[in-house]
Amino acid sequence: MQKLDQDAQIYETMQSIRRIIKALQDYSREVCSHFGVTGPQLWVLKTIFENKSLPLGELSNKMYLHPSTISGVVDRLGNKGYVVRDRDSEDRRIVNVRLTPEGEALVRKAPNPVQGRMIYGLKQLKREELGLIHQSMQKLVDIMEARNLKVTFFFDRE
6 MQKLDQDAQI YETMQSIRRI IKALQDYSRE VCSHFGVTGP QLWVLKTIFE NKSLPLGELS
66 NKMYLHPSTI SGVVDRLGNK GYVVRDRDSE DRRIVNVRLT PEGEALVRKA PNPVQGRMIY
126 GLKQLKREEL GLIHQSMQKL VDIMEARNLK VTFFFDRE
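Heads up: the sequence shown begins at 6 in the numbering used here, then just goes up one per residue.
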């Protein structure tokens with residue numbers, strides 16, 4: 006493979022970032038127009054579907070998000086009739102989230118979430134490869150002076 010000069014590397018890096026952002030935007034727009042839920046809402050539904058029923062904390066861990074972010078999305082999905090919250094029968098402090106029949110029907114016909122695809126791909130990398138991506142992303146965050154920005158889902162007001 007031919008080594009690129011600095012300008013070519015910067016160009017290719019910017020193009021790669023643009024492609025990732027565009028893929029996320031296009032996916033979110035398509036899901037919302039075809040299924041009436043946002044990309045992040047679908048991701049929550051699919052994650053619950055794969056696990057049958059989950060406590061909110063475990064759901065947030067599986068999605069690599071803060072519990073307060075997940076709680077708001079679950080509230081909105083509950084208002085749409087796609088999920089319900091149940092108290093654990095053994096420990097009443099634990100609240101489990103499960104899909105309603107309407108939620109299951111939606112999940113069965115909707116595409117896989119793009120965020121899940123990204124996480125799956127990252128999990129398949131060798132430790133060294135993931136380490137390089139992690140270091141590079143942290144450096145980009147620092148370059149953009151974005152270390153203290155509060156983040157939730159990609160392109161969503163969730």
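Each residue gets a CB set at the ideal place from its N, CA and C atoms; glycine is no exception.
With burial defined as no fewer than 16 other Cβ atoms inside 10 Å of the residue's Cβ, what is the status of Leu59: buried or exposed?
Mapped onto the sequence shown, residue 59 falls at position 54. So Leu59 counts as buried.
Can you name the start and end residues of the beta strand (DSSP E) that Ser58 belongs to?
On the sequence shown, residue 58 is found 53 positions in, with the first residue counted as 1. Run containing Ser58: 58 to 60, per the beta strand (DSSP E) assignment.
Mind checking Ile149: buried by the 16 CB within 10 Å criterion, or exposed?
Residue 149 sits at position 144 when you count from the first residue of the sequence shown. Strictly speaking, residue 149 in this sequence is Met, with Ile absent from that position. It is exposed - the Cβ of Met149 has fewer than 16 other Cβ atoms within 10 Å.
Round the Cβ separation of Gly62 and Pro72 to the nearest angstrom and send it over; I've been treating them as touching at under 8 Å.
Start at 1 with the first residue of the sequence shown, and residue 62 comes out as number 57. Start at 1 with the first residue of the sequence shown, and residue 72 comes out as number 67. Sure, about 6 Å apart at Cβ, within 8 Å.
Can you list, in chain order, the residues of its chain with a C-beta nearer than 6 Å to that of Glu35? Leave out the 5 residues immediately preceding and following it.
Reading the sequence shown from its first residue, position 30 is the one you call residue 35. Excluding residues within five positions, none has a Cβ falling inside 6 Å.
8 Å CB neighbourhood of Asp93 in its chain, flanking five on each side removed
Within the sequence shown, the letter at position 88 stands for residue 93. Same-chain partners within the cutoff: Pro60, Ile99, Val100, Asn101.
For the alpha helix (DSSP H) containing Asp91, list its first residue and its last residue.
Start at 1 with the first residue of the sequence shown, and residue 91 comes out as number 86. Looking at the DSSP string, Asp91 is not in any alpha helix (DSSP H); the run it does join, the beta strand (DSSP E), is 88 to 92.
Under a three-way DSSP split, which group does Val36 fall into?
Taking the first residue of the sequence shown as position 1, residue 36 is located at position 31. Here Val36 sits in helix by DSSP.
Of the listed residues Met68, Phe54, Gln14, Thr43, nearest to Met123 (C-alpha basis):
To locate residue 123, count along the sequence shown from 1; it is residue 118. Of the candidates Met68, Phe54, Gln14, Thr43, the one whose C-alpha sits nearest the C-alpha of Met123 is Met68.
Quick check on the burial criterion: 16 or more other C-beta atoms within 10 angstroms. Buried or exposed for Thr18?
Here the question's residue 18 lines up with position 13 in the sequence shown. It counts as exposed.
Can you round the beta-carbon distance between Val88 and Thr105 to whole angstroms, since I take them to be within the 8 Å contact cut?
Within the sequence shown, numbered from 1, the residue matching residue 88 stands at position 83. Within the sequence shown, numbered from 1, the residue matching residue 105 stands at position 100. Confirmed, Cβ separation roughly 6 Å.
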